[in-house]
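Following: one structure in structure tokens, then a few remarks.
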Amino acid sequence: MFDGLKDKLGSFREDVEEEVEEKEAEAAAEAEAAADDEDESSTPAAAPDRKPSEETDDDGGPGRLRQAAALATGRVIIEEEDLEEPLWSLEMALLESDVEMSVAEEILDSVRERLIGESRKQVDTTAELVEDALHDALVDVISVGQFDFERRIAEADKPVTIVFTGVNGVGKTTSIAKMSEWLGERGYSSVLANGDTYRAGASEQISEHAENVGRKVIAHEQGGDPAAVIYDGVEYAEANDVDVVLGDTAGRLHTSNDLMTQLEKIHRVVDPEMTLFVDEAVAGQDAVERAKEFDDAAEIDGAILTKADADSSGGAAISIAHVTGRPVLFLGTGQGYEDLQEFDPEALVAELLADEE
């Protein structure tokens, strides 16, 4: 997963390491030449009080002698000019991987702030220093709004109502069945409610999934009020001690105002504990833009990205949390009902930064 972006992040680390190592080699050579000049000089002026670490270049930078002193103690100084080309390449890599522009800029600013300036703590290699900066920048962006989904279910009053939103064809109904299985594995009962009352075949589709996972479906006739269906699901759960109501909704196009109004009505009538936005990991910028629209309409609490096992660039997973302030909570990783994986920002970043065997 995310192999393309992983390769590009690896290239960035290599580019920075090459720039810094070349500069350090030059600084070391200049420091050696300066030391030779001092040894050869016999005048008092040849022994200035200034320490090498206090020397600066004409442009006010840390200076070659300071670089050399830092190098001698295993410390690294990185200047902005060292990062100019690598950061430009990193920006292009992020944008090509469908990372949203403002998100890419925040990552770049964070990396720049962490790397430029005074000498850093001793590290084994420049690559390690760069990797730490990339790790922190990516985790900061991806972790926005993250919360413990299972704990929230456990602590909420029952029944817990969860409404699923998203456009047609992204795997929303299948994700509901997967969520029912995920909850069942953790000891929570659930009922499915078909709020997708307008699409022909929607009731049959969710009923087939429910039968496969052994759950009950609450449904009305085609064309009925979606809010009323989900409300009936809540009443059924209350009467039968069911823990969670999983409410499907129509695959609303984010440009359709009347359908977005219907979604808002569901929230007024049912007041769900959570609203989860479902889209495809491979949708990239389209998924990010839709997440913004749906969050504006119904204040989503988190996202599920399907097809995460496909050849995804990773941009949607990195961007959605930042642009909405709502976390990615789950990844759909296959066709089976068990293929729903909790999203772990630290694990994703570790995967992106891992060296190939």
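Everything in the sequence shown is counted per the working numbering, starting at 2 for the first residue and increasing by one.
Every residue, glycine too, gets a C-beta built ideally from N, C-alpha and C.
Item, Value
"Gln342, enclosing beta strand (DSSP E) - first and last residue", "341-343"
"Cβ neighbours of Glu347 in the same chain (closer than 7 Å, five flanking residues each side left out)", "Val140"
"Extent of the continuous beta strand (DSSP E) to which Thr250 belongs", "245-250"
"Validate contact between the stretch 294-306 and the stretch 185-195 using beta carbons, cut 8 Å, 3 pairs", "no"
"Val289 versus Phe13, Glu86, Val104, Thr198, residue with shortest Cα-Cα distance", "Val104"
"Sequence ranges, alpha helix (DSSP H) only - wholly within the stretch 108-163, length at least 4", "127-143, 150-156"
"Whole alpha helix (DSSP H) elements within the stretch 293-329, 4-residue minimum", "316-325"
"Straight-line gap, Asp377 to Ile117 (C-alpha atoms, nearest Å)", "The structure shown does not extend to residue 377, since the chain is modelled only from 2 to 358, so the question has no answer here."
"Ala47, DSSP secondary structure in three states", "For Ala47, the predicted model reports a pLDDT of 48, less than 50, meaning its position is unreliable; a value from the coordinates is still stated below. Here Ala47 sits in helix by DSSP."
"Beta-carbon proximity of Gln286 to Gly316, cut-off 8 Å", "yes"
"Status (buried if at least 16 other CB within 10 Å, exposed otherwise) for Thr250", "buried"
"Exposed unless 16 or more other CB atoms sit within 10 angstroms - verdict on Glu339", "exposed"
"Spatial neighbours of Asp364 in its chain, beta-carbon cut-off 8 Å, leaving aside the 5 residues before and after", "In this structure the chain extends from 2 to 358, so residue 364 is not present and cannot be described."
"Between the CA atoms of Ala318 and Asp297 - distance to the nearest angstrom", "19 Å"
"Gln342 versus Gln263 - alpha carbon distance", "30 Å"
"Of the listed residues Ala355, Glu352, Thr334, Leu330, nearest to Val145 (C-alpha basis)", "Leu330"
"Inter-residue Cα distance where the pair is Ala94 and Ser320", "14 Å"
"Nearest neighbour of Arg269, chosen from Tyr232, Val168, Thr175 [CA to CA]", "Tyr232"
"Spatial distance of Leu277 from Leu247 (CA atoms)", "10 Å"
"Per-residue burial, Arg291 [other beta carbons within 10 Å of its own, 16 or more giving buried]", "buried"
"6 Å CB neighbourhood of Ala220 in its chain, flanking five on each side removed", "Asn195, Ser204"
"Boundaries of the beta strand (DSSP E) in which Asp280 is found, first to last residue", "275-281"
"Touching by the beta-carbon criterion (3+ pairs, under 8 Å), the stretch 225-239 and the stretch 174-189", "no"
"Of the listed residues Asp242, Arg216, Glu236, Ser90, nearest to Lys179 (C-alpha basis)", "Arg216"
"Buried versus exposed, by CB contacts within 10 Å (16 or more), Phe148", "exposed"
"Continuous alpha helix (DSSP H) assignments of at least 4 residues falling wholly in the stretch 158-215", "173-186, 203-214"
"Val230, enclosing alpha helix (DSSP H) - first and last residue", "227-240"
"Terminal residues of the alpha helix (DSSP H) in which Ala351 lies", "346-354"
"Three-state class that DSSP yields for Ile219 in the structure shown", "strand"
"Cα-Cα separation between Glu156 and Arg187, rounded to whole angstroms", "14 Å"
"Spatial distance of Val218 from Ala282 (CA atoms)", "28 Å"
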